[in-house]
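*Asks:* Okay, handing you the structure first.
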Amino acid sequence: MAGEPLSQRWLTYTHALLLSGRQWRRLANATTEAHGVSEAKALPLVLIGRLGGEPRQNTLAEAVGIEGPSLVRLLDQLETAGLVMRREDPTDRRAKVLSLTDTGRSVVAGIEADLDGLRKAVFSKVSASDLEASLRVFQAIQDHLGGPSEPGMARDRIAHGEAAE
Numbered sequence: 004m005a006g007e008p009l010s011q012r013w014l015t016y017t018h019a020l021l022l023s024g025r026q027w028r029r030l031a032n033a034t035t036e037a038h039g040v041s042e043a044k045a046l047p048l049v050l051i052g053r054l055g056g057e058p059r060q061n062t063l064a065e066a067v068g069i070e071g072p073s074l075v076r077l078l079d080q081l082e083t084a085g086l087v088m089r090r091e092d093p094t095d096r097r098a099k100v101l102s103l104t105d106t107g108r109s110v111v112a113g114i115e116a117d118l119d120g121l122r123k124a125v126f127s128k129v130s131a132s133d134l135e136a137s138l139r140v141f142q143a144i145q146d147h148l149g150g151p152s153e154p155g156m157a158r159d160r161i162a163h164g165e166a167a168e
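Quick note: to get our numbering, add 3 to the position in the sequence shown (first position is 1).
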């Protein structure tokens, strides 16, 4: 691999990235669905827990990487399922803040525990230095591409341990 032209290594890397992403997503989805939470609803639900406190809807939309109206539909479903509560932000009545119900906290705790076990299994043979190198590569890609993956306040809080995995 070291003797390959750089363009071939990029091709190999992006192909591996796509395949690994699909495999991870399949495993993570099976994990969340075992807790009765669909793929679409899992990320907003888990991120409400990781963000802590009562995040605003717009903060959650940024962290999830979707537009507000799409998030509202998911929150409607999570609220109907008894997992999430929405209320007016006491400091700005135009905004809504989110919190997990007791049931929501229990479901998120189960999902997080199972995902942690999955991560431990998947990354068991990956060294800390390789993981750090991979994170630097992902950050460089995100910095170049911008868009929904561009780090914002909510993503920084999640990625830097304030509400992290």
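C-beta: ideal position from N, C-alpha, C; glycine also.
Determine the direct distance from the alpha carbon of Ser-102 to that of Val-75, and round the result to whole angstroms.
*Replies:* Position 72 of the sequence shown, counted from the first residue, corresponds to residue 75. Position 99 of the sequence shown, counted from the first residue, corresponds to residue 102. Rounded to whole angstroms, Val-75 to Ser-102 spans 14 Å at the Cα level.
*Asks:* Going by DSSP, what residue range makes up the alpha helix (DSSP H) through Arg-28?
*Replies:* Reading the sequence shown from its first residue, position 25 is the one you call residue 28. Unbroken alpha helix (DSSP H) run through Arg-28: 9 to 36.
*Asks:* Give a yes or no on contact between the segment 40 to 51 and the segment 18 to 26, applying the rule of three or more CB pairs nearer than 8 Å.
*Replies:* Result no; under three Cβ-Cβ pairs closer than 8 Å.
*Asks:* Using C-beta distances below 7 Å, list every residue in its chain close to Ile-69, excluding the 5 sequence neighbours before and after it, in chain order.
*Replies:* Here residue 69 refers to the residue found at position 66 of the sequence shown. Hits under 7 Å: none found.
*Asks:* So, is Ala-64 buried or exposed, given that buried needs 16 or more other C-beta atoms within 10 angstroms?
*Replies:* Along the sequence shown, read from residue 1 onward, the residue named residue 64 stands at position 61. The residue is buried, with at least 16 neighbouring Cβ atoms inside 10 Å.
*Asks:* Scan the segment 63 to 102 and note each continuous beta strand (DSSP E) run of 3 residues or more that stays entirely inside, going in chain order.
*Replies:* The qualifying runs are 87 to 92.
*Asks:* Buried or exposed for Gly-107, please, with buried defined as at least 16 other CB atoms from any protein chain shown within 10 angstroms of its CB.
*Replies:* Start at 1 with the first residue of the sequence shown, and residue 107 comes out as number 104. The residue in question, Gly-107, is buried, as its Cβ has 16 or more Cβ neighbours within 10 Å.
*Asks:* Is the segment 111 to 125 close to the segment 34 to 43, with three or more CB pairs under 8 Å?
*Replies:* Touching, yes, given that three or more Cβ pairs across the two stretches are closer than 8 Å.
*Asks:* Which word fits Thr-17, buried or exposed, when buried means at least 16 other C-beta atoms lie within 10 angstroms of its C-beta?
*Replies:* Position 14 of the sequence shown, counted from the start, is the residue given in the question as residue 17. It is exposed - the Cβ of Thr-17 has fewer than 16 other Cβ atoms within 10 Å.
*Asks:* What residue range is occupied by the uninterrupted alpha helix (DSSP H) comprising Ser-132?
*Replies:* Position 129 of the sequence shown holds residue 132. Looking at the DSSP string, the run of the alpha helix (DSSP H) that includes Ser-132 is 131 to 148.
*Asks:* So for Gly-6, helix, strand or coil by DSSP?
*Replies:* Taking the sequence shown and counting its residues from 1, the one referred to as residue 6 is at position 3. Here Gly-6 sits in coil by DSSP.
*Asks:* Under DSSP, the alpha helix (DSSP H) around Gly-113 begins and ends at which residues?
*Replies:* Taking the sequence shown and counting its residues from 1, one reaches residue 113 at position 110. Where Gly-113 is concerned, the enclosing alpha helix (DSSP H) stretches over 105 to 125.
*Asks:* Residues bridged to Arg-59 by DSSP?
*Replies:* Within the sequence shown, numbered from 1, the residue matching residue 59 stands at position 56. Val-100, per the DSSP bridge assignment.
*Asks:* How many Å lie between Leu-22 and Asp-95 at the Cα?
*Replies:* For this step, residue 22 is matched to residue 19 along the sequence shown. For this step, residue 95 is matched to residue 92 along the sequence shown. Cα to Cα, Leu-22 sits roughly 44 Å from Asp-95.
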